[in-house]
Structure formats: C-alpha cells, structure tokens
Amino acid sequence: MPTMPTTPKTMHTADPQAGVFDDDTFVLAGEKLGSRLIMGTGGAPSLEVLDEALDASGTELTTVAMRRLDPAARGSVLDVLRRRGIRVLPNTAGCFTAGEAILTARLAREALGTDWVKLEVIADERTLLPDPIETFDAAERLVADGFKVLPYIGDDPALARRLEQAGCVAVMPLGAPIGSGLGIRNPHNIELIVEAAGVPVILDAGVGTASDAALAMELGCDAVLLASAVTRARRPALMAAAMRAAVTAGRQARLAGRIPRLRYAEASSPGRPPVGAVPVTPVS
Amino acid sequence: MSDTPTARPASDLPRYDVAVLGGGVAGLSIAWRAARAGLSVAVVDPAPGTGATHASAGMLAPVSEVTYTEEPLLRLGLASLAAWPGFRAELEEDSGVAIDHRADGTIEVAGSADDMAVLDELGAFETALGLRVERLTGRECRALEPMLAPSVRGGLLARDDAWVNPRLVVRALLTALSRAGGAVVLDRAVAITPSGGGDLRVRRESGEEIHAGRVVVAAGARSPELLDGLPGAPDTPVRPVKGQILRLRGPRGFLTRCVRGLVHGTPVYLVPRGDGEITLGATAEELGFDQRVTAGGVYGLLRDARELVPGVTELELTETTVGFRPGTPDNLPLIGPAGPPGVVAATGHHRAGVLLAPITAETVVALLTGAPVPEVARSCDPGRFLP
Chain A
81 MPTMPTTPKT MHTADPQAGV FDDDTFVLAG EKLGSRLIMG TGGAPSLEVL
131 DEALDASGTE LTTVAMRRLD PAARGSVLDV LRRRGIRVLP NTAGCFTAGE
181 AILTARLARE ALGTDWVKLE VIADERTLLP DPIETFDAAE RLVADGFKVL
231 PYIGDDPALA RRLEQAGCVA VMPLGAPIGS GLGIRNPHNI ELIVEAAGVP
281 VILDAGVGTA SDAALAMELG CDAVLLASAV TRARRPALMA AAMRAAVTAG
331 RQARLAGRIP RLRYAEASSP GRPPVGAVPV TPVS
Chain B
111 MSDTPTARPA SDLPRYDVAV LGGGVAGLSI AWRAARAGLS VAVVDPAPGT
161 GATHASAGML APVSEVTYTE EPLLRLGLAS LAAWPGFRAE LEEDSGVAID
211 HRADGTIEVA GSADDMAVLD ELGAFETALG LRVERLTGRE CRALEPMLAP
261 SVRGGLLARD DAWVNPRLVV RALLTALSRA GGAVVLDRAV AITPSGGGDL
311 RVRRESGEEI HAGRVVVAAG ARSPELLDGL PGAPDTPVRP VKGQILRLRG
361 PRGFLTRCVR GLVHGTPVYL VPRGDGEITL GATAEELGFD QRVTAGGVYG
411 LLRDARELVP GVTELELTET TVGFRPGTPD NLPLIGPAGP PGVVAATGHH
461 RAGVLLAPIT AETVVALLTG APVPEVARSC DPGRFLP
C-alpha cells in the first residue's frame with residue numbers, strides 16, 4: 081500500500097478541473113487526495129469498463145467489497161486499481177453483524193496492508209440500510225484496534241456526531257438507499273451533519289446522476305462516494321466524467337457561496353451598485 | 111505411448127496436425143470440426159468435459175444476456191446462436207447422441223416493481239439494438255409458465271434464445287470426434303515448447319510429449335498456465351470467475367422455457383431439461399480457484415429462485431457444483447494466434463462457452479486451414495491485449 085507522507089493542508093488540488101482559486105486539498109485521515117470523488121466498483125459489466133470509468137472519474141480512492149474477493153487472485157479488480165495507482169478502501173459490504181464486519185476488516189488489513197476501512201453493517205437485505213447499533217459497536221472496536229474507520233450510516237446527525245466522538249476519521253451518511261439512484265432525500269439532515277462535523281463528511285449511496293453529486297458538495301460534503309450511478313449507466317466512462325465535473329462544480333459553488341433565495345426578482349443591472357462594489361468608469 | 115518420454119528424436123513422437131489442450135466444450139468442438147476438415151487431431155485433457163462445461167447451464171441466450179457496453183459480444187453471440195442449429199444437426203448426425211437442444215426462448219421475469227423498471231430499460235435497449243423481445247404482464251408470464259409466482263410483476267420474452275444440455279454436448283462431441291478419427295489423450299498438458307521444422311511439442315504431466323504442427327490452447331481459466339511465458343505472449347488476461355450452480359430434479363414440464371429472473375437486483379436462472387432436471391444458477395465470485403460450495407451461495411440461489419418459482423423447494427436437490435468461468439477484462443473471448451507461431455488461443459469465453467462453441471470452432475478451424483476468419487470474430491483477436 082503506497083502511503084503518502086502527511087503534509088499540511090496547503091497545496092493546490094491535483095485535479096486541474098478543480099481550478100486554483102483556493103488551496104482546497106481534500107485531506108482524509110491525514111492523507112491528501114487530489115479528487116473528492118470516491119468510487120465503488122460494484123455493478124460494472126467488465127473490468128475493462130470499470131477501468132475506463134475509474135480513469136474518467138479522476139478518483140484517487142476506490143472502495144472494494146472484501147467479503148467475496150480473493151486479494152491474491154490474479155486479474156481482479158485490485159489489479160485494476162494497482163495499475164492506476166488508486167488507493168484501495170476496503171469495505172465490509174454484506175455484513176449483518178459487528179462481529180462479521182470486524183472479522184472482514186481484519187482480513188482486509190492483513191491482505192491489503194491498509195488500516196482504512198469503510199465500515200458497512202447492513203440491517204436487512206431489502207433496503208440495505210445501515211444498522212446504526214451494530215455499526216457503532218463495530219466502529220468503537222475497530223478504532224480501538226487501530227483502524228481508520230469510515231462508517232456508512234443513515235442521514236442521522238446525532239449518530240454522525242457520536243461516531244466522530246468515538247474516533248472515526250470520517251462519516252458517510254447516505255443520500256438514499258444503496259443503488260436506488262434516488263438522490264439526496266433529506267438535504268436538511270446532510271446539512272446538519274456537515275454543520276456539526278469536525279471530520280470529513282462523505283455522501284455515500286443514493287447518487288443517481290450528476291446533479292445529485294453536485295448537490296452533495298453544495299450542501300458542504302467533503303466528498304462523494306458512488307458506484308452504481310456510473311457502473312450501471314449506459315456509458316459508464318461518460319457518466320464518470322460527468323460525476324467528476326459535478327463534484328468539482330459543487331465544491332466550487334460551495335466555496336464561492338450561493339446567493340440568498342429571494343421571493344421577488346432583483347435586477348442585476350442597472351441600478352444601485354451592490355454594497356462594496358467598485359463603480360465602473362464608462363469609456364467614451 | 112508407454113516409452114520413456116525424454117530425449118527422443120522428434121520423428122519418433124506421436125505427431126498430429128493439431129493438438130488441442132483442454133477438452134471442454136470449446137476444445138472438443140474445435141477438435142471435432144478440425145477432424146471433420148481432414149486434420150489429424152488430439153485433444154489433451156485428463157478428464158474431458160469436467161471443467162466449466164460440466165458446471166454450465168448451456169444457455170444459448172445472447173438476447174437476454176445483453177448488457178450495456180457489450181455489443182461486440184452480442185454480435186458474436188448472435189452469430190453463434192445462428193450457427194447452433196446446423197452445428198447441432200451435424201453433431202447429432204455424427205455422434206448419434208441427442209443433445210436436448212431447445213429453442214423455446216427465454217422468459218425473463220421481474221420479482222418486484224424495481225426489478226421490472228430495470229427489465230423495462232433492458233427491453234428498450236434490446237429493442238433499440240434490433241433484437242426481438244416482447245414485454246409481458248405478470249399474468250402473461252404465468253400463462254406461459256404456470257409455476258411462476260403470482261407476485262411476478264412482468265417480464266420479457268426473448269423467443270430467439272435457446273439452450274442445450276452441455277453434458278450431452280460433451281458426450282456427443284467425444285463420440286463424433288472419435289468417429290472422425292480424432293484422439294483423446296487423457297493427461298494434463300503442462301508446457302508448450304518449439305520443436306524442429308516449425309513444429310511444437312506439448313509436454314504432458316506424465317512426462318511424455320506430443321508433437322504437433324499447431325497447438326490450440328482451450329484450457330479455460332487454466333489457459334494462462336500454458337500460455338504465460340511463451341515467447342511473444344504477454345500475461346494472458348484470463349482469470350477464474352467462480353460460479354456455484356445447482357441441479358434439481360422434478361416432474362417433466364415443471365418449466366417449459368428457460369426462466370431468468372431479477373430478484374431485488376440479483377440475477378438468477380432456471381433451465382429445464384427434457385428429463386426433468388433443472389439447472390439453477392449461478393453465483394459470480396472473484397475468489398480465484400476456490401473449490402468450495404458455500405452455504406451462502408446455495409442459500410442465495412434457492413432463496414431467489416423460490417421467490418420467482420415457489421415450487422422449487424419441493425424438487426430434489428441432486429447436485430451442487432463449482433465451476434470457473436474464464437473471464438477476460440472485456441468479457442470477450444481470446445480466439446486467435448497467441449505467442450509463438452503455431453499457437454492459437456481459444457479461451458476466455460466467460461459465461462458463454464457453450465453458446466460460443468460453434469463460432470469458436472469455425473474461427474479456429476479457419477485459422478488452422480487458412481480459410482477466412484468470420485468477420486464477427488475479429489473482436490476476439492488476442493492481439494488486442496498486446497501492449
């Protein structure tokens with residue numbers, strides 16, 4: 081596992097599309113990442129299509145389900161990530177209990193040499209919603225065991241805060257159920273989570289199209305994780321490029337600051353100059 | 111072939127025009143067609159027909175298996191599907207073995223409204239590609255297949271899809287090959303080495319060798335063991351994709367069509383045979399050559415099948431099998447010259463080895479005899495993975 085030295089947050093982002101208006105590097109668990117788009121691999125029709133989509137996404141961190149994967153097998157998705165120099169974020173998808181998730185995380189740490197884990201403990205197969213109690217239980221124990229834990233949770237501000245206090249390095253609230261493509265069902269809760277969080281907030285699950293990813297970033301999320309929206313699209317690489325642009329656009333919009341929502345029109349020109357504006361001298 | 115193998119002059123070795131390494135459906139089809147074309151052929155395999163072919167369900171279903179981004183595979187599959195009736199007629203004629211070829215179509219059903227939304231999108235894609243599919247209501251599905259659950263939301267009927275019993279296909283191919291004068295060497299090939307006069311030698315596990323003008327590597331997921339390291343061959347981009355598959359037995363006519371379904375996003379299929387057997391598959395796991403049948407694998411298949419066809423739980427469970435699909439990065443097979451002159455790859459058929467057997471055999475025999483290669487098979491040239 082290549083690890084980058086920990087350096088201060090003062091560096092231009094590696095993504096040229098992100099622009100250089102601000103020093104705005106994404107730092108996760110002390111590591112700098114040049115992209116705020118985190119990818120998943122599930123649902124890709126072939127490794128080649130996945131490879132093209134990952135390339136188009138510009139991602140530097142991609143999550144892989146460890147439960148049914150042999151890390152030593154040749155030609156696997158891990159090979160694709162290694163070849164592209166993309167950091168692997170193992171996840172515990174498919175686990176229903178804290179016990180299974182901890183076991184899976186330990187196997188992943190041993191196999192991949194990373195202590196990062198996206199903790200996913202599912203409550204039921206129908207909704208694939210995260211089980212908050214099992215998730216919290218597993219998070220506490222994994223943190224104590226030295227893991228950098230990124231828990232997948234519902235859009236619950238109280239749980240997010242508790243997980244941060246328990247030592248998680250990020251929180252990953254859902255926008256909507258996994259694979260549903262329903263977008264962000266409760267933007268208000270996502271805003272509340274962002275407002276209170278001292279660790280990165282990564283919107284995970286529910287993204288259906290580019291505007292959903294942009295909205296997550298506009299709401300103040302630090303990054304977006306998605307898979308199906310890209311892998312199940314008719315043209316996955318094109319959708320990956322769209323997501324990359326959307327995440328960048330949403331982040332820039334967040335930093336730029338949106339204007340207030342007003343009830344009535346307000347002419348942009350002519351009229352009184354806005355407060356603080358420098359009057360333009362007419363050229364004759 | 112009982113003499114000591116080492117250091118014999120090449121002229122003493124058993125020599126064939128073609129040695130086919132691997133006796134699955136691909137290798138046996140190639141060998142049979144090559145023998146029919148007048149070449150002397152030997153298939154080398156310790157246990158022909160016991161690999162992925164033995165596990166496979168034998169679906170000839172390019173229409174209902176179509177996926178976004180995979181139109182070249184669709185075109186290849188359609189060409190091979192069209193070749194199947196002629197292939198079957200000659201195979202049954204040559205062997206005297208009936209292979210339970212059935213062309214009653216695939217009915218693909220949805221277990222929920224969400225699954226139906228996915229199927230509707232698939233149906234629109236299939237229609238846009240010019241494929242023949244019909245949208246059915248749940249009741250129409252059940253009129254065709256009364257064993258389907260009342261909860262089935264609807265489905266798609268792909269009338270052009272067909273299926274065969276792959277185990278009978280193997281039996282027929284072995285008989286037809288033998289009748290056409292082909293040999294089967296019950297041993298594992300371990301290495302290919304150049305020999306004098308442009309020929310190749312195949313070393314067997316027993317230590318003995320075979321001398322051949324051309325060597326076809328059709329060893330499925332094990333093909334890299336023979337191809338990797340040959341001069342001019344990069345690492346063969348073939349990996350095992352584990353599949354667990356079940357066989358059930360019930361009354362004849364329990365199902366009449368190949369039933370595929372989507373249950374909460376997970377695909378499952380049931381393939382009925384003339385003798386009452388039903389093949390139920392399959393998992394897809396990236397676990398290397400993991401031979402284990404797992405509780406979760408069997409449970410998931412039965413759970414999803416029961417949702418679509420509640421009566422499956424009353425059937426006898428006669429077999430649980432693991433097979434290894436030879437997967438490639440783009441899901442297209444590798445058919446064509448690979449490595450040193452005279453070596454031809456015919457592997458990487460992933461889920462579609464049985465479907466693609468006729469087009470694979472036609473392509474390889476064309477390469478062996480200098481006939482034109484089918485245009486549609488050009489997408490399978492192993493050269494596409496050369497750096």
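Quick note, the sequences are listed as chains A and B, same order. Note that my numbering numbers the first sequence so that position 106 is 186, with each residue one more than the last. Note that my numbering numbers the second sequence so that position 212 is 322, with each residue one more than the last. Beta carbons: idealized from backbone N, C-alpha and C, even for Gly.
Within the segment 365-397 of chain B, the residues whose Cβ lies closer than 8 angstroms to any Cβ of chain A are, in chain order, 374, 375, 395, 396, 397. Between residue 330 of chain A and residue 296 of chain A, the gap from beta carbon to beta carbon is short of 8 angstroms.
Within its own chain, no residue has a Cβ closer than 6 angstroms to the Cβ of residue 204 of chain A once the five positions on either side in sequence are excluded. Checking the DSSP bridge columns, you'll see residue 327 of chain B partnered with B:131, B:455.
Within chain B, no C-beta atom comes less than 7 angstroms from the C-beta of residue 201 of chain A; the nearest is roughly 17 angstroms away. Linking residue 226 of chain B to residue 277 of chain B through their CA atoms gives a straight-line distance of about 33 angstroms. Taking 7 angstroms as the upper bound on Cβ-Cβ separation, chain B lies near residues 259 of the segment 244-265 of chain A.
Going by DSSP, residue 429 of chain B is part of the beta strand (DSSP E) stretching over 426-437.
A direct Cα-to-Cα measurement between residue 313 of chain B and residue 245 of chain B gives close to 54 angstroms. The contact set of residue 349 of chain B on chain A, defined by CB atoms closer than 8 angstroms, consists of 153, 154, 155, 156 in chain order. Our two residues, residue 207 of chain A and residue 247 of chain A, have alpha carbons roughly 27 angstroms apart in a direct line. When the beta-carbon positions are compared, residue 290 of chain B and residue 155 of chain B stay at least 8 angstroms from each other.
Between residue 219 of chain B and residue 233 of chain B, the C-beta spacing is not below 8 angstroms.
Taking C-beta atoms as the reference points, residue 160 of chain A and residue 134 of chain A count as a pair closer than 8 angstroms. Taken through DSSP and simplified to helix, strand or coil, residue 143 of chain A comes out as strand. Around the beta carbon of residue 346 of chain A, a 10 Å sphere encloses fewer than 16 other beta carbons of the protein chains shown; the residue is thus reported as exposed. Going by beta carbons, residue 444 of chain B and residue 490 of chain B fall inside the 8 angstroms limit.
Close to residue 400 of chain B, with beta-carbon spacing below 8 angstroms, are these residues of chain A in chain order: 150. By the 16-neighbour rule on beta-carbons within 10 angstroms, residue 339 of chain A is exposed.
Bounds of the alpha helix (DSSP H) holding residue 283 of chain B are 276-289. Per DSSP, reduced to three states, the secondary structure at residue 284 of chain A is strand. Considering only beta carbons, the part of the segment 159-187 of chain B lying closer than 7 angstroms to chain A consists of 177, 178, 179, 180, in chain order.
Per the DSSP secondary-structure output, residue 376 of chain B pairs in a beta bridge with B:373. At a C-beta separation below 7 angstroms, residue 129 of chain A has these neighbours in chain B: 179.
Around the beta carbon of residue 405 of chain B, fewer than 16 other beta carbons lie within 10 angstroms, which makes this residue exposed.
Around the C-beta of residue 187 of chain B, 16 or more other C-beta atoms lie within 10 Å, and the residue is accordingly described as buried.
Separation of residue 151 of chain B and residue 324 of chain B (C-alpha to C-alpha, rounded to the nearest whole angstrom) is 10 angstroms. Contact check for residue 495 of chain B against residue 331 of chain B fails: the beta carbons are separated by 8 angstroms or more.
The continuous beta strand (DSSP E) containing residue 171 of chain A extends over residues 167-171. Identification of residues in the segment 193-223 of chain A having a C-beta nearer than 8 angstroms to some C-beta of chain B yields 205, 206, given in sequence order. Counting only the Cα atoms, residue 368 of chain B lies some 12 angstroms from residue 258 of chain B. In this structure, residue 123 of chain A sits near residue 311 of chain A, with a CB-CB distance shorter than 8 angstroms. With respect to the 8 angstroms criterion, residue 356 of chain B and residue 310 of chain B are not classified as neighbours on the basis of their beta carbons.
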